[in-house]
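Taking it in order: structure first as structure tokens, then the write-up.
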Amino acid sequence: MLKGYTVLNLEANQFKPVKVTLSKGKLSLNNALFHSIGFPLYYRLAFNTELKRIIVEECQPMDEGAIKGIKKGQSYKIFTNQQLIKLLAKWIPGYSHDKVYNLPVTVYEKLCLIDVKEATYSRALYKEGK
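Taking this note's numbering, the leading residue of the sequence shown gets -5, the next gets one more, and so forth.
What follows is the structure, encoded as structure tokens:
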């Protein structure tokens, strides 16, 4: 093997983008997000209301706000808590319930930072009437 090169395991789906979306009253975190922080057994969401950001970080089962981690085969985790959705909707300028928004994610060693205020409109959920 040449120095500085890594073998690509195309079966491992290692290039799937880390993705967080908000749509139709649901916040979805994809499998790649959890993969990027090592599939923690427990994680939690922490909010900074001033910066309008969320972090997803590994934690211990007895830590405040601990959520059981997803399994490696599970494709995403969905949150439908309406208090959470209303908070995030306030942070996105021009938010509309019938649109899909991509929330930018920055991956660090043991956490992911989601910058909600920088969300971008992805697409409409419903087609206009015929």
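The beta carbon of each residue, even a glycine, is placed where N, CA and C say it ideally should be.
Return the CA-CA distance between residue i and residue j, expressed in angstroms with no decimal places.
i, j, result
"L71", "V14", "First, the residue type needs correcting, since residue 71 is Lys and not Leu in the sequence shown. Distance between the alpha carbons of K71 and V14: 10 angstroms."
"L35", "P55", "8 angstroms"
"V99", "I49", "9 angstroms"
So, for residue i: in the same chain, excluding its five sequence neighbours on each side, which residues have a beta-carbon less than 7 angstroms away from its beta-carbon?
i, result
"K104", "I31, E51 and E52"
"Y115", "K93 and Y95"
"T43", "none"
What I want to know is whether the C-beta of residue i ends up closer than 8 angstroms to one or more non-hydrogen atoms of the ligand MG.
i, result
"E51", "In the structure on display, the ligand MG does not appear, and there are no ligands present to speak of."
Kindly indicate which residue of the options has the alpha-carbon position closest to the one of residue i.
i, options, result
"A40", "M56, A60, I64 and L16", "A60"
"L21", "L97, L107 and C106", "L97"
"H29", "S116, I64 and K84", "I64"
Who are residue i's beta bridge partners in DSSP?
i, result
"Y115", "Y95"
"I108", "I48 and V99"
If you measure from the beta carbon of residue i to each beta carbon in chain D, is any gap under 9 angstroms?
i, result
"A26", "The chain inventory of the structure shown lacks chain D, comprising one protein chain alone."
In its own chain, which residues sit with a C-beta less than 8 angstroms from the C-beta of residue i, not counting the 5 before and 5 after it?
i, result
"G19", "T74, Q76, I79 and H91"
Take residue i and list the residues in its own chain whose beta-carbon comes closer than 6 angstroms to its own, dropping the five residues that flank it on each side.
i, result
"I108", "V14, I48, L97 and V99"
Alpha helix (DSSP H) runs contained entirely in the stretch 14 to 73, provided each spans 4 or more residues: Contiguous alpha helix (DSSP H) elements confined to the stretch 14 to 73 occur at 25 to 30, taking only those with 4 or more residues.
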